[in-house]
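Protein chains in written order, with my numbering: chain L, 1 to 135; chain H, 136 to 270. All residues carry an ideal CB built from backbone N, CA and C; glycine is no exception.
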DNA sequence: AATTATTCCTATAAAGTTTATAGGAATTAA
DNA sequence: TTAATTCCTATAAACTTTATAGGAATAATT
């Protein structure tokens, strides 16, 4: 299951993509209202997306957020990894968040390969799905 | 990520499958020791697997556990669903644990289909992987 | 300069889930 | 009767997720 936070992030990105043509940046308060996301929680999410270069932000009275890339260059793999972390179902088969499985001898592990398959199929799908395709 | 509990369950099933030819049932204490799983926690796991008909148990001094099916008839989909619940990454695309997404209009939802694809690919893999194939 | 409304940051509270343990009841063989 | 098991319920402990609080930094407007 993806987290609620990740769904919020996805909604926010879609909202920003839909409104990409606006001349001024978009307030987090507007997104929060329109998408019914707790305002303060959304702020921390948007900041994470900005730190990961998916968004551009500006401060002050006329500040706000914009996409930092074209909507078809933001992929679900990016989003999920930023917000939820690993996409793989075992730490030892994660490409971006590898960690050895606790007390598991990796060389004699018989279950790795099936989880690698799932990872590959999942990455293929999320990696070819952009925000633009979700509008 | 699959839970630690699910990994424990998988280890226990593999252990039972490896020792399937023994004439007497196998104690949870033996599995706990061999696989380094907390004993009491393992008991609750084995009970869940038994309630779901994957295991047969007997009580009393010579009690213990056995597989209730051939090892090639126990699939990863079975195990994961019993222990961790839904395999899908969104409640609204789960086949066995369907629930509507909170505050999401399912008829106008644009993200469902990509998660359905991931679900289908994942099910195809886990659904064709038996405990026997993991020995 | 003062005001106002925003992003940004850190800390923490609140709620929920996962992991693990405790204590004993029911069962069965010896 | 004893001993060793499964079985059951309750709960504690640890961790994660979700959400909030309070204010600092920033920038346009008055």
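Counting only the Cα atoms, residue 59 of chain L lies some 58 Å from residue 270 of chain H.
Contact annotation: residue 130 of chain L and residue 72 of chain L have beta-carbon atoms nearer than 8 Å. Residue 39 of chain L places its beta carbon less than 8 Å from that of residue 28 of chain L. Using a Cβ-Cβ cut-off of 8 Å, residue 221 of chain H counts as an interface residue toward chain L, since at least one Cβ of chain L sits closer than that to its own. Excluding the 5 residues flanking it on each side, residue 34 of chain L has same chain C-beta neighbours closer than 8 Å at 15, in chain order. The beta carbon of residue 166 of chain H sits no closer than 8 Å to any beta carbon of chain L. Cβ atoms of residue 245 of chain H and residue 197 of chain H stay farther apart than 8 Å, at about 58 Å.
The three-state secondary structure of residue 123 of chain L, taken from DSSP, is helix. The Cβ-Cβ distance between residue 181 of chain H and residue 204 of chain H does not fall below 8 Å. For residue 216 of chain H, the nearest beta carbon of chain L is not closer than 8 Å to its own beta carbon.
In chain order, 226 place their CB closer than 6 Å to the CB of residue 234 of chain H, counting only its own chain and leaving out the 5 sequence neighbours on each side.
Taken residue by residue, none of the region 55 to 70 of chain L has a beta-carbon sitting less than 9 Å from a beta-carbon on chain H. Rounded to whole angstroms, residue 148 of chain H and residue 223 of chain H show a C-alpha spacing of 23 Å.
Take the alpha-carbon of residue 249 of chain H and the one of residue 161 of chain H: they are about 43 Å apart.
Less than 8 Å separates the beta-carbon of residue 143 of chain H from that of residue 177 of chain H. Annotation: residue 97 of chain L is outside any beta strand (DSSP E) and is labelled neither H nor E by DSSP.
Taken through DSSP and simplified to helix, strand or coil, residue 28 of chain L comes out as helix. Nearest C-alpha to residue 200 of chain H among H/218, H/211, H/240, H/153: H/153. The C-alpha of residue 171 of chain H lies about 48 Å from the C-alpha of residue 242 of chain H.
With fewer than 16 other Cβ atoms inside 10 Å of its own Cβ, residue 102 of chain L counts as exposed. Sequence-distant partners of residue 5 of chain L (beyond 5 residues in either direction) whose C-beta falls short of 8 Å from its own C-beta, in its chain, are 41, 45, 83, 84.
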